[in-house]
Amino acid sequence: MNSRIEVTGLAAGYNGSSVVRGVAFSLDAGQILAVLGPNGAGKSTTLLALAGLIDRTEGSVQIDGTELASSHPRRAAKRGIVLVPDDRSLFTTLTVTENLRLAATRRSKVDEALDLFPRLKDRLQVPAGVLSGGEQQMLAIGRALVQDPKVLLIDELSMGLAPVIVESLLPVLRTVADAGVAVVLVEQHVSLALATADRALVLAHGEEVLAGSAADLLADPGRIEAAYLGTTLAV
Ligand SMILES: Nc1ncnc2c1ncn2[C@@H]1O[C@H](COP(=O)(O)OP(=O)(O)OP(=O)(O)O)[C@@H](O)[C@H]1O
Numbered sequence: 176m177n178s179r180i181e182v183t184g185l186a187a188g189y190n191g192s193s194v195v196r197g198v199a200f201s202l203d204a205g206q207i208l209a210v211l212g213p214n215g216a217g218k219s220t221t222l223l224a225l226a227g228l229i230d231r232t233e234g235s236v237q238i239d240g241t242e243l244a245s246s247h248p249r250r251a252a253k254r255g256i257v258l259v260p261d262d263r264s265l266f267t268t269l270t271v272t273e274n275l276r277l278a279a280t281r282r283s284k285v286d287e288a289l290d291l292f293p294r295l296k297d298r299l300q301v302p303a304g305v306l307s308g309g310e311q312q313m314l315a316i317g318r319a320l321v322q323d324p325k326v327l328l329i330d331e332l333s334m335g336l337a338p339v340i341v342e343s344l345l346p347v348l349r350t351v352a353d354a355g356v357a358v359v360l361v362e363q364h365v366s367l368a369l370a371t372a373d374r375a376l377v378l379a380h381g382e383e384v385l386a387g388s389a390a391d392l393l394a395d396p397g398r399i400e401a402a403y404l405g406t407t408l409a410v
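Just so you know, we're using this note's numbering here: the sequence shown kicks off at 176 and counts up by one.
The following block contains the structure:
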């Protein structure tokens with residue numbers, strides 16, 4: 176089935192107050208959405224709300240037309256929403272194989288994930304904590320993929336990684352999308368994210384300030400810059 180996530184009027188935050196408001200997008204399997212914006216714009220908060228890890232104070236999240244309960248991470252995971260958090264949350268003392276097997280819905284999923292990251296095949300018995308940053312990110316994404324996501328949420332794939340490593344990881348997201356996953360990528364590295372994504376959403380102060388085709392925005396960096404600076408331009 177061709178999965179779809181539809182988000183309307185999403186507001187979410189902490190301790191009863193909303194730090195993001197009115198976030199809306201829809202995304203089909205096979206598509207990549209880049210969520211951009213300056214520090215503190217609410218990008219991570221949006222992903223946490225989609226994954227059910229924090230309260231949604233308003234709005235709706237639907238997967239394949241069926242509403243997803245707010246603040247219910249297990250239900251979100253069961254419906255196929257899987258988050259790669261910015262801290263990667265690996266079991267650092269467990270090996271690569273153990274990290275993957277613990278998360279896998281089926282044993283065959285582990286082999287599929289390793290095929291996407293052949294470098295990890297040489298590290299199977301190495302504890303996650305001694306992997307390089309790039310290898311740890313491969314493992315974090317691999318651990319999400321073995322859960323058979325319909326919607327893959329990735330928070331700051333580039334965190335702590337050299338641009339050359341990021342450039343080698345991003346094409347894997349296209350392969351993942353092509354295999355039938357909707358990918359939402361929160362990223363500070365604007366040009367690399369736009370070069371990878373189909374569409375982009377820019378948040379500032381918790382609200383959408385710009386949205387459009389990634390190719391159009393890549394070709395017109397002034398619009399992104401203005402959005403980061405808080406100047407609203409017509410899309
Ligand atoms: N656990 C929390 N409790 C209270 N406020 C929080 C919490 N986490 C984040 N915030 C606040 O929510 C706002 C949005 O933060 P968020 O981390 O979503 O932004 P971001 O766009 O992901 O930024 P960055 O790129 O710096 O990670 C910020 O003002 C931040 O201080």
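Think of the CB as a built atom: it goes at the ideal place given N, C-alpha and C, for glycine as much as any other residue.
- Rounded to the nearest angstrom, the gap between the Cα atoms of Arg179 and Val198 is 16 angstroms.
- The beta carbons of Ile238 and Lys325 sit about 7 angstroms from each other, so the pair counts as a contact at 8 angstroms.
- The three-state secondary structure of Pro302, taken from DSSP, is strand.
- Using a Cβ distance threshold of 8 angstroms, Gly227 and Ser245 count as a contacting pair.
- Shortest gap from the CB of Ser219 to any heavy atom of ligand 1: under 7 angstroms.
- Residue state for Gln312 is assigned as helix, using DSSP reduced to three classes.
- Closest in alpha carbon position to Arg249, among Leu265, Gly355 and Ala224, is Ala224.
- According to DSSP, residue pairing for Thr183 in a beta bridge involves Ser235.
- The beta strand (DSSP E) runs of length 3 or more contained entirely in the stretch 320 to 349 are, from start to end of the chain, 326 to 330.
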